[in-house]
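*Asks:* Structure provided below as structure tokens; questions to follow.
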Amino acid sequence: PKGLKHDDAFAILDLEGDCGKSGSTAEGLYFRDTRYLSRWQLTINRQHPLLLASNLDDDSTRLSVSLTNPDMEDEDPPFRKDTIAIVRTTFLSECACFERIEVRNFDLMPRRFGLEIGFDADFMDLFEVRGLHRNARGKRTARTAGAAVQFAYAGLDGVGRTTDVHFDPPPAALTTSRATFRIALEPGARSIIFATIRFCEPELTPNLLLPHFLSAYRAKIRSRQSLSADAVKIETSHALLNEALRRSRSDISMLLGKTDYGTFPHAGIPWYSTVFGRDGLITALFMLWADPSIARGALLYLAAHQARAFDPASDAQPGKILHEQRQCETARTGEVPFASYYGTVDATPLFVVLAGRYFTRTADLETIRTIWPSIVAALDWCETHGDTDGDGFVEYFRETPNGLSNQGWKDSYDSIFHRDGRLAEGPIALVEVQAYVYEARLQAAAIADRLGETARATAWRAKAAALREKFNAAFWCPELSTFALALDGEKRPCRVKASNAGHVLMTDLTSPERVQGVVAALFSPELFCGWGVRTVAVGEARYNPMSYHNGSVWPHDNALIALGLARAGHK
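If you read the sequence shown in my numbering, its first letter stands for residue 130, the second for the next number, and so on.
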């Protein structure tokens with residue numbers, strides 16, 4: 130499948146540029162976690178065209194597909210394949226999907242044929258598409274109006290959603306599920322059809338006059354360029370490295386979404402194309418050297434959405450940083466807890482870490498002053514609601530049965546376990562989270578010095594030193610030559626060799642001799658497979674190289690480890 134994205138919209142299309150040919154796929158056009166177009170299928174004389182080429186632009190802004198007709202022996206005169214060229218160009222921009230369909234006759238005789246587009250809008254939200262069973266849904270209607278079809282959905286959340294499908298020129302026949310164009314072409318002649326799919330919710334005010342395809346594409350390119358206009362550009366003498374850098378810039382640019390607070394990097398299409406606190410913070414952290422505006426947008430957004438009160442249904446506590454935010458129907462009705470969900474233990478200290486490193490990178494005191502209350506509240510959470518038993522470690526324990534059972538970056542149900550394979554029971558203190566908290570206190574202390582809050586700076590440094598001592602005593606496993614994966618609710622170490630301990634290297638949380646032990650463990654044959662450091666070592670009870678978190682290799686995990694290795698002198 131091919132993926133397109135623009136702000137809060139994304140599309141999953143097949144190689145032909147269609148979606149929904151079979152009803153069980155995740156294909157479609159999505160906006161704010163809802164599928165606004167579930168079927169879009171092009172045929173010629175009711176037959177599937179043949180695929181010649183399918184290309185997604187290097188910057189993932191535009192899908193270009195080349196097709197041709199199959200043999201059509203039943204026509205009079207019969208069609209031989211490869212006589213009609215069909216070129217489709219598709220992109221997303223400003224709450225709409227734009228498509229240009231060009232057909233050209235390469236036969237030696239005039240040709241008449243029908244070009245049909247079948248379409249539908251089911252308004253299933255993302256969790257339904259992923260398999261959530263619902264006892265009831267809202268009401269959907271559809272009507273034609275001139276050269277357009279409007280689908281409307283009155284959701285159980287009280288939100289009205291609409292999908293408008295518009296064609297230019299008007300089709301010869303139009304129903305609420307199909308547009309038919311009668312095309313007559315002389316040899317060498319061509320014809321062009323434009324289709325626009327606009328998606329809307331009540332708080333959005335769509336332009337009544339949609340821009341032309343070319344105008345919309347120019348506006349999209351300008352918008353994409355403006356998002357990364359100030360980012361560092363690098364060119365080297367190594368062609369492959371240049372390609373990797375260019376691809377990375379393109380991918381980051383595609384993930385960026387505009388908010389009222391600046392840009393925010395979404396976690397990824399299809400299922401995570403929305404705000405995730407941890408993912409956004411880590412992405413912004415790695416982009417600090419190249420484009421600190423991403424960090425500024427992430428910090429301001431997350432500060433504005435920081436939890437202010439207790440809400441067990443969303444795992445929210447005062448000072449906690451957002452984990453995930455959804456705008457679909459099941460989130461708004463409470464069928465899933467993710468409208469604004471705070472079930473993450475690491476986003477809160479990572480927020481403070483990013484704030485400190487952003488300030489070091491930019492000296493942007495104005496932004497730091499703006500989010501200073503959120504920094505203080507985040508560290509207060511680490512010392513209170515994040516450490517309910519007062520043992521000095523930040524732990525997690527979900528408050529809603531619908532929430533995540535594990536709330537670190539390894540958030541699958543079976544990712545935190547003891548050596549014999551037994552799942553750890555909470556509250557659980559993860560090894561990497563203690564490193565984040567330690568670094569957060571030091572970063573916040575440096576900011577406090579700059580703001581003249583010396584008492585807070587002194588207190589945070591003292592708490593960081595105390596954590597360092599407690600951590601090394603409680604987490605070190607001499608038999609593994611590395612740190613335990615976690616402590617369970619009984620303070621028993623999960624003596625499992627895992628990648629998590631590598632995140633400790635990003636900080637001064639441990640002594641140099643133990644750093645060498647962690648490095649040796651990371652590069653042991655059980656953890657380092659050649660492609661990277663595995664999430665869990667070969668031989669551990671729950672090791673499975675095909676699993677989500679128990680033996681697979683994760684890029685961001687390895688990137689954080691690499692950052693720590695470089696810091697420790699092991700580049």
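Heads up, the beta-carbon is just placed ideally off N, CA and C, and yes, glycines get one too.
CA-CA distance, E512 and R272?
*Replies:* Along the sequence shown, one-based indexing puts residue 512 at 383. Along the sequence shown, one-based indexing puts residue 272 at 143. Distance between the alpha carbons of E512 and R272 is about 57 Å.
*Asks:* Suppose only complete runs of 3+ residues qualify. What are the beta strand (DSSP E) ranges in the region 223 to 254, listed by chain order?
*Replies:* 225 to 234 and 240 to 249
*Asks:* Kindly identify the DSSP beta-bridge partner or partners of Q170.
*Replies:* Indexing the sequence shown from 1 puts residue 170 at position 41. Residue pairing by DSSP puts Q170 in a beta bridge opposite G247.
*Asks:* Give me, in chain order, the residues of the same chain whose beta-carbon lies closer than 8 Å to that of I500; leave out the 5 immediate sequence neighbours on both sides.
*Replies:* On the sequence shown, position 371 is the one that residue 500 refers to. These residues qualify, in order along the chain: L428, L429, A432 and A484.
*Asks:* Do the region 309 to 323 and the region 191 to 207 touch if we need at least three Cβ pairs shorter than 8 Å?
*Replies:* no
*Asks:* By how many angstroms is the C-alpha of G152 removed from the C-alpha of P478?
*Replies:* Walking along the sequence shown from the start, residue 478 turns up at place 349. Walking along the sequence shown from the start, residue 152 turns up at place 23. About 43 Å.
*Asks:* Quick check on the DSSP output: the beta strand (DSSP E) that includes Q279 runs from which residue to which?
*Replies:* Start at 1 with the first residue of the sequence shown, and residue 279 comes out as number 150. From DSSP, the beta strand (DSSP E) with Q279 extends over A277 to A283.
*Asks:* Can you give me the start and stop residues for the alpha helix (DSSP H) that T459 sits inside?
*Replies:* Here residue 459 is taken as the residue at index 330 of the sequence shown, counted from 1. Here the alpha helix (DSSP H) through T459 covers E458 to T462.
*Asks:* Which runs of the alpha helix (DSSP H), 4 residues or longer, sit entirely within the region 463 to 550?
*Replies:* 476 to 491 and 494 to 512
*Asks:* If I measure Cβ to Cβ from D509 and keep anything under 7 Å in the same chain, skipping five residues before and after, which residues do I get?
*Replies:* Looking up residue 509 in the sequence shown gives position 380. So the list reads G448, once near-sequence residues are dropped.
*Asks:* Does the beta-carbon of E453, which I'm using as the reference point, lie nearer than 8 Å to any heavy atom of the ligand SAH?
*Replies:* This structure lacks the ligand SAH; in fact it carries no ligand of any kind.
*Asks:* Under a Cβ-count criterion, where at least 16 other Cβ atoms within 10 Å of its own Cβ denotes burial, should K592 be classed as buried or exposed?
*Replies:* Position 463 of the sequence shown, counted from the start, is the residue given in the question as residue 592. Buried, because 16 or more other Cβ atoms sit within 10 Å of the Cβ of K592.
*Asks:* Please work out which residues of its chain come closer than 7 Å, Cβ to Cβ, to R696, disregarding the five sequence neighbours upstream and downstream, and give them in chain order.
*Replies:* Taking the sequence shown and counting its residues from 1, the one referred to as residue 696 is at position 567. Taken in chain order, the residues that qualify are L634 and M635.
*Asks:* Could you tell me whether the region 454 to 471 touches the region 281 to 298, where touching means 3 or more Cβ pairs closer than 8 Å?
*Replies:* yes
*Asks:* Does DSSP classify F220 as helix, strand or coil?
*Replies:* By 1-based counting over the sequence shown, the position of residue 220 is 91. DSSP places F220 in strand when its eight states are reduced to three.
*Asks:* Do you know offhand how far A595's Cα is from N601's?
*Replies:* Mapped onto the sequence shown, residue 595 falls at position 466. Mapped onto the sequence shown, residue 601 falls at position 472. The alpha-carbon atoms of A595 and N601 are separated by roughly 10 Å.
*Asks:* The alpha helix (DSSP H) with T583 in it runs from where to where?
*Replies:* The count along the sequence shown starts at 1 and reaches residue 583 at position 454. Run containing T583: T583 to F604, per the alpha helix (DSSP H) assignment.
*Asks:* Which whole-angstrom value is the C-beta distance of V665 and A615, which I expect to be below 8 Å?
*Replies:* In the sequence shown, the residue the question calls residue 665 occupies position 536. In the sequence shown, the residue the question calls residue 615 occupies position 486. That belief does not hold up - the Cβ atoms of V665 and A615 are roughly 12 Å apart, past 8 Å.
*Asks:* Run through DSSP, which three-state label would S183 get?
*Replies:* Here residue 183 refers to the residue found at position 54 when the sequence shown is read from its first residue. Strand, per DSSP.
*Asks:* Going along the chain, which residues of its own chain have a beta-carbon closer than 8 Å to the beta-carbon of L356, five neighbours each way excluded?
*Replies:* Position 227 of the sequence shown, counted from the first residue, corresponds to residue 356. Only S382, L385, K387 and T392 meet the Cβ criterion.
*Asks:* Taking just the CA atoms, how far does G243 sit from F310?
*Replies:* Taking the first residue of the sequence shown as position 1, residue 310 is located at position 181. Taking the first residue of the sequence shown as position 1, residue 243 is located at position 114. In a straight line, the C-alpha of F310 is about 6 Å away from that of G243.
*Asks:* Mark T163 as exposed unless 16 or more other C-beta atoms lie within 10 angstroms of its C-beta, in which case mark it buried.
*Replies:* On the sequence shown, position 34 is the one that residue 163 refers to. Result: buried.
*Asks:* Going by beta carbon distance, what residues of the same chain come within less than 7 Å of P75, once the five residues before and after it are set aside?
*Replies:* Nothing can be reported for residue 75, as the shown portion of the chain is limited to 130 through 700.
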